[in-house]
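Working notes, structure below.
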Amino acid sequence: MFIGPDAGNGNLMDTITVDATNPFNPFGQTLSAETGFVFAGRRPLEAGPRIFEQNVDTWYLNGGLKGDFTFEERKFYWDMHATFSESRGSQRKFGAFNSAKLKQALGPIDQCLNSDGTSINGCVPFNFFGGQGPDGTGSITQEMLDFVTFVQKDESESELFDFTANISGDLFKLPAGWVAFAGGVEHRKREGFFQPDAVVVAGESAGVPSTPTQGGFNVDEVYGEIVLPILADAPMFEYLEASFAARYSDYSTFGGNTTVKAGLNWRMTEDFLLRGSYSEGLRAPGIGELFGAAARFDATLEDPCSDFLGTTGNAAPPEIQANCIALGVPADGSFEQLNSQISATVGGNLDLEPETSDSWSISSVYSPQWAANIAGVESMTFELTYWNIDIDGAIQAIDPEVKLNGCVATLDPVLCSGISRTAGGAINGLNIQLQNIGGIETDGLDFSMDYNSPNTDFGQFHANILATWVNNYEESFPTATGTTTIERVGTEQGDPEKGWPEWRIQANLDWSFNTVTVNFTARYIDGITETCPNSLFGVSAGGISDLSSLCSDPDNATNNLSSKIYGDLQATWRPEMFDDRIGLTVGINNIFQTDPPECVSCALNGFDATLYDVPGRFGYAQVNVKF
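Residue numbers (my numbering): 23 to 649.
And the structure:
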């Protein structure tokens, strides 16, 4: 935890001073901004590990009707379904710090203890600067912790109601076959609320101040699809068909929108199929994205305005120096970033619009009939797909490093909004609220191979390989003068953790014998590269000591996260006596104990948990019962 005017928490912790009368203040004077106090940090190991508990009760009810009828000698199929679900969660965080009580315990002694030494409001003077042992024991006593810590209790709930009605059948017949159609309507309603702990609502926690939030939306949709057979049983045209679909969605939060889809399937021979499709997409913001309360994470960032005159290192370019001064950093260059972690907050946004997308793909599928004549082969299929996706108004928070560096470099009001600084120049607020920021353009190839063996006395084998190659992944962010574009393929963002490997491959091998199925899955993740934080390169770069050896290529300030292969093993037994209604499964993930590559820019775990498994094997057992 950090206290002091330049601590950068963006909450009450930044206002804490250590009074001269505090019995554990070793400096003999009040530590405040007026006496030159910047900030102090301490890991409260005496409080023990951070423990988070969550209990979620979920109800799910689904019912429906289906049937068919005949009209003009054609059969039509219909169905109706209704779904209701509710999830109510209660969260408890043990060892949370009450910043108001910490401020009292570090402040003037007469605000904590009476003249006779008795406690005011249970206050116990806090020892912030005492020593600590490697086993977690230290100068912070249990009595001190009992006063300044509390169990944070939050409540949340979400509800969903969904009703659908569909109909499908054949309309009329063309020379190449029947024209098929499907249509339907849907109504969805979502509601939710979040009630944080009263201490948090009052702004007295050491975390992000939060207020109760609730909201909801409903949507009505209607859709139609049609499949038109064009040619059949002609040379080079086993069949050729086109499909068209449209969906209209009316959201209570932003109005109506129509999306369309078109596709073409051309089976040239019994072995070879070509298909292509174009579709428009719409993703509406969810409950959390619209109404979510602010959440904080500590990003590892280098402030470009730190020591911009180069007192202990290289001076920043003149335009950066001028921009830093314009942003409120002292002109004498005295500001030096001492804390590499800058607290950033991200939360919901009622002004969000839906994401829209355009995507198209071309696929070729080869299923050689002659493969069945090969010993040990029942069928084989090869598929290659090129895909291209363009997303506009993507709902996400801008990378805090992109926002900070862009603000300092350009003074762009769009990038600088939400960034605040103390009088000493330190950042004490970095708000990266969810927005419809720019877009995403990506394209690549998917390749798959599928193999099935005949069913023999030794069982049946099935193998599958799926490989994805990403050619391009560009994110664009709006600025006052245009857009900033970042190519992500082969890189690691670091904080918050997110990586974009160029290649990802998954291979599955299944063996089935009577009531037993065994599956082995291998997963390959291509290597990626991250930018090493400046703080690793010694005092001259704003760090404490030279840790550049942690980077695989310190000369270029980059670190390579090597490729990794994971293996997962699973076995399922379905006892014949239960007529396939009970399945017993055991499995081990990461059977080879593959460790994730070290990520020097990933502040939370030291590795990217969105890409790689947690270190070590993971075993599990489960029972599935069908009623």
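Virtual Cβ for every residue (Gly too), placed ideally from N, Cα, C.
In terms of DSSP beta bridges, what is residue i paired with?
i	result
Ala-317	Val-368
Gly-111	Val-78 and Ser-178
Ala-104	Gly-85 and Phe-185
Ser-141	Leu-135
Met-471	Phe-404 and Ile-487
Thr-580	Thr-553 and Asp-575
Trp-409	Ser-383 and Gly-466
Thr-594	Thr-539 and Thr-607
Asn-453	Thr-367
Val-173	The partner list for Val-173 (beta bridge, DSSP) is empty, contrary to what the question assumes.
Asn-530	Asn-486 and Thr-543
Thr-39	Partner(s): none; Thr-39 has no beta bridge.
Arg-96	Phe-93
Arg-64	Arg-64 pairs with nothing; no bridge assigned.
Ala-118	Phe-172
Thr-334	DSSP lists no partner for Thr-334.
Thr-478	Gly-481
What residue does the beta strand (DSSP E) around residue i start on, and which one ends it?
i	result
Pro-251	235-256
Thr-543	538-547
Asp-380	377-388
Ala-643	640-647
Ala-220	Run containing Ala-220: none in the beta strand (DSSP E); it sits in the alpha helix (DSSP H), 220-223.
Glu-208	199-217
Ser-585	Here Ser-585 belongs to no beta strand (DSSP E), and DSSP marks it neither H nor E.
Ser-442	441-443
Classify residue i as buried or exposed, calling it buried when 16 or more other Cβ atoms lie within 10 Å of its own Cβ.
i	result
Arg-72	exposed
Asn-646	exposed
Gly-564	No answer about Gly-564 holds up, because its pLDDT of 46 lies below 50 and its placement is not dependable.
Ile-441	buried
Ile-566	Because Ile-566 sits at a pLDDT of 49, beneath the cut-off of 50, its placement in the model cannot be relied upon, and the point is left open.
Thr-539	buried
Pro-476	exposed
Phe-480	exposed
Ser-562	Residue confidence is low: Ser-562 scores 45 on pLDDT, short of 50, so the model does not pin down where it sits. No coordinate-derived value is stated.
Phe-313	buried
Phe-559	buried
Leu-323	buried
Ile-396	exposed
Met-599	exposed
Pro-435	exposed
Arg-443	buried
Glu-509	exposed
Pro-523	buried
Gln-164	exposed
Leu-467	exposed
Ser-274	exposed
Phe-61	buried
Met-258	exposed
Glu-75	exposed
Ser-365	buried
Tyr-99	exposed
Leu-87	exposed
Asp-577	exposed
So residue i is in the alpha helix (DSSP H); what residue range does that whole segment cover?
i	result
Ser-121	121-128
Asn-345	340-348
Asp-732	Any answer about residue 732 is impossible in this case: the structure gives the chain only from 23 up to 649.
Ala-431	422-432
Glu-164	For clarity, residue 164 is Gln in the given sequence; the question names Glu instead. Counting along the chain, the alpha helix (DSSP H) containing Gln-164 begins and ends at 164-170.
Leu-437	435-438
Any alpha helix (DSSP H) of 4 or more consecutive residues that is wholly inside the segment 262-332
The segment 262-332 contains these whole alpha helix (DSSP H) runs: 309-313.
Below 8 Å, can you find three or more Cβ-Cβ pairs linking the segment 149-160 to the segment 66-78?
Yes, the segment 149-160 is in contact with the segment 66-78.
Whole beta strand (DSSP E) runs in the segment 491-528 with 3 or more residues, listed along the chain?
You should have 504-509.
Count the CB pairs spanning the segment 386-398 and the segment 291-298 that are closer than 8 Å, and state whether there are at least three.
Touching, yes, given that three or more Cβ pairs across the two stretches are closer than 8 Å.
Touch check for the segment 130-142 and the segment 183-199: three-plus C-beta pairs under 8 Å?
Verdict: no, contact absent.
Does the segment 335-348 come close enough to the segment 369-376 to have 3 or more Cβ pairs within less than 8 Å?
No, because fewer than three Cβ pairs between the segment 335-348 and the segment 369-376 fall closer than 8 Å, the two stretches do not touch.
Does the pairing of the segment 320-334 with the segment 351-369 give three or more beta-carbon distances under 8 Å?
Look at the beta carbons and you see the segment 320-334 touching the segment 351-369: at least three pairs across the two are nearer than 8 Å.
Spell out a yes or no on whether the segment 441-457 and the segment 486-498 are touching, meaning 3 or more CB-CB pairs, one atom from each, closer than 8 Å.
Judged by Cβ distances under 8 Å, the segment 441-457 makes no contact with the segment 486-498, as fewer than three pairs qualify.
Would the segment 329-342 count as touching the segment 272-280 if we require 3 or more Cβ pairs under 8 Å?
When Cβ pairs closer than 8 Å are counted between the two stretches, the segment 329-342 is seen not to touch the segment 272-280, the count staying below three.
With contact counted as at least three CB pairs below 8 Å, one residue from each stretch, are the segment 241-248 and the segment 263-277 in contact?
Yes, since at least three Cβ pairs between the segment 241-248 and the segment 263-277 fall closer than 8 Å, the two stretches touch.
If you pair each beta-carbon of the segment 75-88 with each one of the segment 30-50, do three or more pairs fall below 8 Å?
No: fewer than three Cβ pairs fall under 8 Å.
Taking 8 Å as the threshold, find out whether the segment 103-110 comes into contact with the segment 179-194 through three or more Cβ pairs.
Taking 8 Å as the limit for Cβ pairs, the verdict is that the segment 179-194 does touch the segment 103-110.
So, does the segment 299-318 touch the segment 396-407, judging by three or more C-beta pairs under 8 Å?
No: the two stretches stay apart, fewer than three of their Cβ pairs being nearer than 8 Å.
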